[in-house]
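Residue numbers (the UniProt record's numbering): 1 to 483.
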């Protein structure tokens, strides 16, 4: 039996937390006199009131959260946050329709960075800050944050952490789940603050520096400028973004080991080595054709190439140049990057390198097993043997991911869009990247899609952010059967 009352209390706490995260935007609204303080205040108040009613109505209920409740809470939390998170857009008139507001909110919370706003620079500052804050909260996952603070509310969190934690990683910074979540967020906050300082001293305004720091570390890609990072033709700013996008796409456990001087554990990570080496190799080989096709100096060609590679692989989605303008072959390469994803246990979306690594290692070992059918040939990642259960899980994930991509592309194309745009839109939404190819390339946005297509793409963003199974398991009869 599913404990719905326990779920209700947790959802109430999440909505109250969401309301608190809306209030900082009021400060920017009042300072810039942008006129959006009432929509923000009303949205925050509505979230607080509804959350408080739900929380205190079920305050005395049993808070035993099991695996099924955990999956329901994680899925419902993103739905509730999306519904209440879109109130500032609708009440301020920033978006004209429900589908637009929902798309922009889901894109923020899932750190996809795809936008329906055609002129970002006219959006009020308070709304812009909420837009960036939604990505920052969604970056490492609001459930991980609540796992750190829920013990204060008398709510356990281990099943929430299991359901929310991105990627197939079992690394822990601390045996206690609350301590792990707290340390992850301390690293997250520290890196965000450091990057904000670098952006500010690099030439950004204080407001722009804060917003871009939030969305960079979230690997989200929302910008306060229509031209994204191309607006800042500064080597210092763009290299700072490259470094911190790379860090945001690194497993936070690896970052923790690096910060504490345990470099042997950093280099023990096969995923980190594959992640870093892939970026280096791609940057080396792609810079040359970009240099010839773009007619710019070598440093700028290298910077634009490296920036776009890191931005797409980490699913950040910032843009420093139009990567579809060079050559069709290069466009295809950049499109393929939408399917990589960075490291498990990072803020990035996508498939993740550890899954690719497991797939290719297992495929290579399969040839050895064919030649030596009686030999025991184990698959190892980070020196540890990977069980057959994990291999099966990863293979199923890759197959389902491919099936959803193909099905989604067909559905979007049947709704009247060309196949290139359909491929680009589905790939970038499912991978939580932002820019794609076709009419959703780096210099375009998603405003032209009809309301139904936007709803489908919003669902794909949620599906990708929660790594497929967290949502899909809810559609199986096994999940709802009584114990």
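Ideal placement from N, C-alpha and C gives every residue a C-beta, glycine not left out.
Confirm, please, whether the CB-CB distance from residue 421 to residue 440 is below 7 Å.
Position 440 of the chain shown holds residue 440. Position 421 of the chain shown holds residue 421. Closer than 7 Å, so yes.
Pair within 7 Å by beta-carbon distance, residue 484 and residue 461:
The requested residue 484 is not part of the displayed model; the chain covers only 1 to 483.
Residue 262 - containing alpha helix (DSSP H), residue span:
Walking along the chain shown from the start, residue 262 turns up at place 262. No alpha helix (DSSP H) contains residue 262, which DSSP labels as neither H nor E.
Using C-beta distances below 6 Å, list every residue in its chain close to residue 389, excluding the 5 sequence neighbours before and after it, in chain order.
One-based indexing of the chain shown puts residue 389 at position 389. So the list is empty, once near-sequence residues are dropped.
Would you check if the distance between the CB atom of residue 275 and the CB atom of residue 327 is smaller than 7 Å?
Mapped onto the chain shown, residue 275 falls at position 275. Mapped onto the chain shown, residue 327 falls at position 327. Going by C-beta atoms, residue 275 is not nearer than 7 Å to residue 327.
Do we get a CB-CB distance below 7 Å when we pair residue 256 with the residues of chain B?
Looking for chain B here will not work: only one protein chain is present.
Considering residue 135, what are the terminal residues of the alpha helix (DSSP H) in which it resides?
As a working note, residue 135 is residue 135 in the chain shown. In this chain, the alpha helix (DSSP H) harbouring residue 135 covers 125 to 140.
Please work out which residues of its chain come closer than 6 Å, Cβ to Cβ, to residue 254, disregarding the five sequence neighbours upstream and downstream, and give them in chain order.
Position 254 of the chain shown, counting from 1, holds the residue named residue 254. So the list reads 266, 269 and 272, once near-sequence residues are dropped.
Closest residue to residue 49 among 15, 7 and 22 (Cα-Cα distance):
By one-based count along the chain shown, residue 49 stands at place 49. Comparing Cα-Cα distances from residue 49 to each of 15, 7 and 22, the minimum goes to 15.
I need the straight-line Cα distance from residue 451 to residue 457, nearest angstrom please.
Along the chain shown, one-based indexing puts residue 451 at 451. Along the chain shown, one-based indexing puts residue 457 at 457. When rounded, the distance between both Cα atoms is 10 Å.
Continuous alpha helix (DSSP H) assignments of at least 4 residues falling wholly in the stretch 273 to 333
298 to 313, all fully within the stretch 273 to 333.
Beta-carbon proximity list for residue 163, same chain, < 6 Å, skipping 5 on both sides
Position 163 of the chain shown, counted from the first residue, corresponds to residue 163. Bear in mind that the predicted position of residue 163 carries a pLDDT of just 49, short of 50, making it too unreliable to give a figure here.
In angstroms with no decimal places, state the Cα-to-Cα distance between residue 211 and residue 25.
To locate residue 211, count along the chain shown from 1; it is residue 211. To locate residue 25, count along the chain shown from 1; it is residue 25. Looking at the two C-alpha atoms, the distance is approximately 11 Å.
Alpha carbon to alpha carbon, what distance is there between residue 137 and residue 223?
Residue mapping note: residue 223 aligns to position 223 of the chain shown, counting from 1. Residue mapping note: residue 137 aligns to position 137 of the chain shown, counting from 1. Rounded to whole angstroms, residue 223 to residue 137 spans 16 Å at the Cα level.
Could you give the residue range of the alpha helix (DSSP H) that holds residue 465?
Working through the chain shown from its first residue, we reach residue 465 at position 465. Per DSSP, residue 465 is one residue of the alpha helix (DSSP H) stretching across 451 to 465.
Continuous alpha helix (DSSP H) stretch holding residue 492: start and end:
Outside the modelled stretch of the chain, which goes from 1 to 483, sits residue 492, for which no answer is possible.
Judging by CA-CA distance, which residue of 59, 43 and 113 is the nearest neighbour of residue 429?
Numbered from 1 along the chain shown, position 429 holds the residue referred to as residue 429. 113 is the residue among 59, 43 and 113 whose C-alpha sits nearest the C-alpha of residue 429.
DSSP three-state call for residue 481: helix, strand or coil?
Here residue 481 is taken as the residue at index 481 of the chain shown, counted from 1. Coil, per DSSP.
Check whether the stretch 346 to 359 and the stretch 247 to 261 are in contact - that is, three or more C-beta pairs closer than 8 Å.
They touch, by the three-pair rule.
Could you tell me which whole alpha helix (DSSP H) segments of length 4 or greater appear in the stretch 395 to 445?
Segments of the alpha helix (DSSP H) lying fully in the stretch 395 to 445: 419 to 430.
By a C-beta neighbour count over all protein chains shown, 10 Å radius and 16 as the cutoff for buried, is residue 375 buried or exposed?
Working through the chain shown from its first residue, we reach residue 375 at position 375. It counts as exposed.
Using the three-state DSSP reduction, which class does residue 270 fall into: helix, strand or coil?
Walking along the chain shown from the start, residue 270 turns up at place 270. It is helical.
Please classify residue 396 as buried or exposed, where buried requires at least 16 neighbouring CB atoms within 10 angstroms.
Here residue 396 refers to the residue found at position 396 when the chain shown is read from its first residue. The residue is exposed, with fewer than 16 neighbouring Cβ atoms inside 10 Å.
So, residue 322 versus residue 477, is the Cβ gap smaller than 7 Å?
Looking up residue 322 in the chain shown gives position 322. Looking up residue 477 in the chain shown gives position 477. Not in contact: residue 322 and residue 477 (Cβ atoms no closer than 7 Å).
Under the rule that 16 or more other beta-carbon atoms within 10 Å means buried, what is residue 467, buried or exposed?
Numbered from 1 along the chain shown, position 467 holds the residue referred to as residue 467. Counting Cβ neighbours within 10 Å, residue 467 comes out buried, since at least 16 surround it.
In whole angstroms, give me the CA-to-CA distance for residue 104 and residue 394.
To locate residue 104, count along the chain shown from 1; it is residue 104. To locate residue 394, count along the chain shown from 1; it is residue 394. If you draw a straight line from the Cα of residue 104 to the Cα of residue 394, it comes to about 30 Å.
What is the DSSP secondary structure of residue 560, reduced to helix, strand or coil?
Absent from the model: residue 560. The displayed extent of the chain is 1 to 483, so no value can be given.
Terminal residues of the alpha helix (DSSP H) in which residue 211 lies:
For the purposes of this step, residue 211 is taken as residue 211 along the chain shown, with counting starting at 1. For residue 211, the enclosing alpha helix (DSSP H) starts and ends at 206 to 217.
Distance, residue 363 Cα to residue 152 Cα
One-based indexing of the chain shown puts residue 152 at position 152. One-based indexing of the chain shown puts residue 363 at position 363. Here residue 152 scores only 44 on pLDDT, less than 50, and its place in the model should not be relied on; the value that follows carries that caveat. Approximately 47 Å, taken between the alpha carbons.
When burial is assigned at 16 or more other CB atoms within 10 Å of the CB, is residue 372 buried or exposed?
On the chain shown, residue 372 is found 372 positions in, with the first residue counted as 1. Residue environment analysis places residue 372 among the exposed positions, since fewer than 16 neighbouring C-beta atoms fall within 10 angstroms of its C-beta.
Excluding the 5 residues flanking residue 320 on each side, which residues of the same chain have their C-beta closer than 7 Å to its C-beta?
One-based indexing of the chain shown puts residue 320 at position 320. Beyond the five residues adjoining it in sequence on each side, residue 320 comes within less than 7 Å, by CB distance, of 229, 230, 238, 304, 307 and 308 in the same chain, given in chain order.
For a quick check, are the C-beta atoms of residue 134 and residue 108 less than 7 Å apart?
Residue 134 sits at position 134 when you count from the first residue of the chain shown. Residue 108 sits at position 108 when you count from the first residue of the chain shown. Taking 7 Å as the Cβ cut-off, residue 134 and residue 108 qualify as a contacting pair.
Closest to residue 300 by CA distance: which of 3, 131 and 235 is it?
If you number the chain shown from 1, residue 300 lands on position 300. Distances from the CA of residue 300 to each of 3, 131 and 235 were compared; the closest alpha carbon is that of 235.
From residue 214 to residue 44, what does the alpha carbon distance come to, in whole angstroms?
For the purposes of this step, residue 214 is identified with residue 214 of the chain shown, where counting begins at 1. For the purposes of this step, residue 44 is identified with residue 44 of the chain shown, where counting begins at 1. About 20 Å.
Which first and last residues belong to the alpha helix (DSSP H) in which residue 352 is found?
Your numbering for residue 352 matches position 352 in the chain shown. First-last for residue 352: undefined, no H or E at that position.
By the 10 Å Cβ neighbour count, where 16 or more other Cβ atoms means buried, how is residue 39 classified, buried or exposed?
Locating residue 39 in the chain shown gives position 39, where the first residue counts as 1. Buried, because 16 or more other Cβ atoms sit within 10 Å of the Cβ of residue 39.
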